[in-house]
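Student:
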Amino acid sequence: MTPFFVMIKCQLGKTYQVANAIADAEIASEVYSTSGDYDLLVKFYIEDGADIGHFVNQKVHPIDGIQDTKTIITFKAF
Numbered sequence: 003m004t005p006f007f008v009m010i011k012c013q014l015g016k017t018y019q020v021a022n023a024i025a026d027a028e029i030a031s032e033v034y035s036t037s038g039d040y041d042l043l044v045k046f047y048i049e050d051g052a053d054i055g056h057f058v059n060q061k062v063h064p065i066d067g068i069q070d071t072k073t074i075i076t077f078k079a080f
């Protein structure tokens, strides 16, 4: 499995709605609220070799209340 993170900026007042929608969809390993430029940090796992961009476009972007995302691809856990 390949892990990656997506930082999500939500529309004003929609952070809890977005976090709950991600949790309800059971597509994420972990969902955290954050401070700063982004409201949520979400950890996902996909099958090795699967297209991360396609996953984000098909599973994450359609969630109502998301304004912007930043995907972080990881290489090695220590």
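Note that this note's numbering has the sequence shown beginning at 3, numbered continuously upward.
Just so you know, even glycine gets a beta-carbon here, dropped at the ideal spot from N, CA and C.
In this text the structure is predicted, and so the values were computed from the model without any measurement.
Grouping DSSP H, G and I as helix and E and B as strand, with all else coil, what is Gln13?
Tutor: The residue given as residue 13 occupies position 11 in the sequence shown. Residue state, collapsed to three classes: coil.
Student: Tell me whether Leu14 is buried or exposed, calling it buried when 16 or more other Cβ atoms sit within 10 Å of its Cβ.
Tutor: By one-based count along the sequence shown, residue 14 stands at place 12. Exposed, because fewer than 16 other Cβ atoms sit within 10 Å of the Cβ of Leu14.
Student: Less than 6 Å between C-beta atoms, sequence neighbours within five positions excluded: which residues of the same chain meet that for Ala23?
Tutor: Residue mapping note: residue 23 aligns to position 21 of the sequence shown, counting from 1. Only Ile65 meet the Cβ criterion.
Student: Give me, in chain order, the residues of the same chain whose beta-carbon lies closer than 6 Å to that of Glu49; leave out the 5 immediate sequence neighbours on both sides.
Tutor: By one-based count along the sequence shown, residue 49 stands at place 47. Correct list: empty, nothing qualifies.
Student: Strictly by DSSP, which residues pair up with Ile74?
Tutor: Against the sequence shown, residue 74 aligns to sequence position 72. In DSSP, Ile74 forms a bridge with Phe7.
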